[in-house]
Amino acid sequence: GAWGRLGHGDGQNQLLPKKIEALAGRRVVTLSAGGRHSLASTADGAVFTWGKGESGCLGHGEDLSDQLLPKKIEAWAPGQ
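Just so we're aligned, residue 27 is where the sequence shown starts under this note's numbering, counting upward by one.
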């Protein structure tokens, strides 16, 4: 989808569910999908966001760019 909100590295719409390859090998325990951006958390405590980055809604500090692939929120990394 637009702004990379599906997490597949492009802005293409998908007619059928498709695995997010960037999260392969990670145990996703929660997922929230919105109209412009999405969030996933993993069993090891990592949090990833992707989609429209305006206004800092993805949680990547000064980086307000759209994220076409899941990007780890570093400020939320376990042990910090």
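The beta-carbon is built from N, C-alpha and C at its ideal position, and this holds for glycine as well. Here the structure is a predicted model, which means the values were calculated and not measured.
Exercise. For Gly82, which residues from the same chain have a beta carbon less than 7 Å from its beta carbon, with the 5 sequence-adjacent residues on both sides left out?
Worked result: Close CB contacts of Gly82 within its chain, under the 7 Å cut and outside five residues either way in sequence, are with Leu90 (chain order).
For this session: Please work out which residues of its chain come closer than 6 Å, Cβ to Cβ, to Ile46, disregarding the five sequence neighbours upstream and downstream, and give them in chain order.
Result: Result list for Ile46: Gly33, in chain order.
Exercise. How long is the line joining the alpha carbons of Ala100 and Leu42, rounded to whole angstroms?
Worked result: Note on identity: in this sequence residue 100 is Glu, with Ala being the wrong assignment. Within the model, the alpha-carbon separation for Glu100 versus Leu42 is close to 31 Å.
Problem set entry | Inter-residue CB distance, Gly113 and Leu94 (contact presumed, cutoff 8 Å) | The first residue shown for the chain is 27 and the last is 106, placing residue 113 beyond what the model contains.
Exercise. Terminal residues of the continuous beta strand (DSSP E) containing Ala107?
Worked result: Shown here, the chain extends from 27 to 106; a query on residue 107 therefore has no answer.
Problem set entry | Per DSSP, the bridge partner or partners of Ala59 | In the DSSP assignment, Ala59 is bridged to Ser64.
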